[in-house]
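Using the UniProt record's numbering, read the sequence shown as starting at 1 and increasing by one per residue. Idealized CB from N, CA, C, for every residue including glycine. Here's the structure we're looking at; comments come further down.
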Amino acid sequence: MLEKFKELHPSWSKTKCIMADKDLLEWELLKESFPNSRVLICVFHTLKTFCREIACNKMKITPKERDLALELLQRMVTAKSNEAFEKLQQEFDAKVSNEIRSYYDKNCRPIQDEWFTGPKFMVENFNNTTNNRIESLNGKLKSVIKRNSSLEEFVPSLFTVLNALGDERDHKALTSISKRPCQPSPDPDERMYEEALTPYANKLLREQMKLSANVVLTDHQDDMFTFRSIIRQYIDDGD
Numbered sequence: 001m002l003e004k005f006k007e008l009h010p011s012w013s014k015t016k017c018i019m020a021d022k023d024l025l026e027w028e029l030l031k032e033s034f035p036n037s038r039v040l041i042c043v044f045h046t047l048k049t050f051c052r053e054i055a056c057n058k059m060k061i062t063p064k065e066r067d068l069a070l071e072l073l074q075r076m077v078t079a080k081s082n083e084a085f086e087k088l089q090q091e092f093d094a095k096v097s098n099e100i101r102s103y104y105d106k107n108c109r110p111i112q113d114e115w116f117t118g119p120k121f122m123v124e125n126f127n128n129t130t131n132n133r134i135e136s137l138n139g140k141l142k143s144v145i146k147r148n149s150s151l152e153e154f155v156p157s158l159f160t161v162l163n164a165l166g167d168e169r170d171h172k173a174l175t176s177i178s179k180r181p182c183q184p185s186p187d188p189d190e191r192m193y194e195e196a197l198t199p200y201a202n203k204l205l206r207e208q209m210k211l212s213a214n215v216v217l218t219d220h221q222d223d224m225f226t227f228r229s230i231i232r233q234y235i236d237d238g239d
C-alpha cells in the first residue's frame with residue numbers, strides 16, 4: 001500500500017515527518033519506505049505503551065515501583081529542553097528497578113528522539129505531538145459508514161463525509177480571515193501582522209516577538225552572529 005501511495009504521489013520524497021504509533025511492524029515499514037523522513041511516535045501511544053509494558057504482572061515489580069517509573073517517564077516525554085530530559089533520565093536510571101531499566105535500555109533509550117517531545121521532536125511537525133487528527137477523521141468515517149458495507153454503499157458514504165469536512169474546513173478558514181480582534185494591538189508592527197495572519201499564526205508570531213526582547217546580539221564576525229539571552233547563549237552561522 002505504501003508503494004502504491006508513492007506511485008500515485010510523485011512528491012512523496014518531500015515528506016519530512018511522519019507521526020505513527022508504536023506498532024513495530026508499521027514503524028519499520030514507514031522507515032524503510034520513507035528513508036529521508038523522520039518517523040515520530042505519537043505521545044498518546046507512547047504513554048499508552050509505557051502503561052501497558054511497565055506492569056506489575058509483566059515485570060514482577062511493586063505498584064510503587066511502577067508508579068514511580070511511569071511518573072518519571074511521563075515527565076521525560078513532555079520535557080521542554082534537552083537539559084531537563086537528561087536530568088530526568090538520570091533520576092530515572094538511579095531510582096527505577098533493574099527490570100524497568102532493562103526494558104528502557106532495550107526499547108526506549110536508542111530512539112529517544114522519536115518520543116521525547118523536545119526541540120528536535122518539534123522540528124517540521126507543525127507542533128503536532130499526536131495523530132489525533134487522523135483518529136478524529138477515522139471516527140467521523142465510522143459514524144457514517146456502516147461496518148461490512150458493500151463497495152456500492154461505501155463510496156457514496158465516503159464522499160458524503162469528505163464533502164462535509166471540506167465545507168467545515170472552508171467555513172473555519174473564512175471565519176478566521178474575516179474576523180478581527182475587538183481590541184487591536186497598539187504596536188503598529190503587531191497590528192500589521194494581525195491584519196495579514198490567521199489568529200493561530202498570529203498567536204505564534206506574537207510569542208516569538210515577545211521572546212525576541214530577551215535576545216541581544218553580542219558579536220558579529222563575517223557571517224557568524226553570537227546572541228545572548230536570559231536563558232542561554234547560542235551562535236547562529238547565518239543560514
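query                                                                                                        : result
Cross-strand partners of D105 (DSSP beta bridge)                                                             : In DSSP, D105 forms no bridge with anything.
Every unbroken alpha helix (DSSP H) inside the segment 167-227 [4 residues or more]                          : 188-196 and 199-212
Opening and closing residue of the beta strand (DSSP E) in which C17 lies                                    : C17 to A20
Coarse secondary structure for R52, derived from DSSP in three states                                        : helix
Span of the beta strand (DSSP E), counted from its first residue to its last, around V39                     : R38 to I41
Own chain partners of P10 with C-beta closer than 7 Å, once the 5 adjacent residues on each side are dropped : none
CB contact flag (R38, E124, <9 Å)                                                                            : yes
For N125, the three-state DSSP class (helix, strand or coil)                                                 : coil
Identity of the residue in R52, A84 and N131 nearest M19 by Cα                                               : N131
Straight-line Cα distance separating S150 from S102                                                          : 48 Å
Distance, A55 Cα to P63 Cα                                                                                   : 8 Å
DSSP state of H9 mapped onto helix, strand, coil                                                             : coil
Validate contact between the segment 152-163 and the segment 62-81 using beta carbons, cut 8 Å, 3 pairs      : no
Continuous alpha helix (DSSP H) stretch holding V77: start and end                                           : P63 to V77
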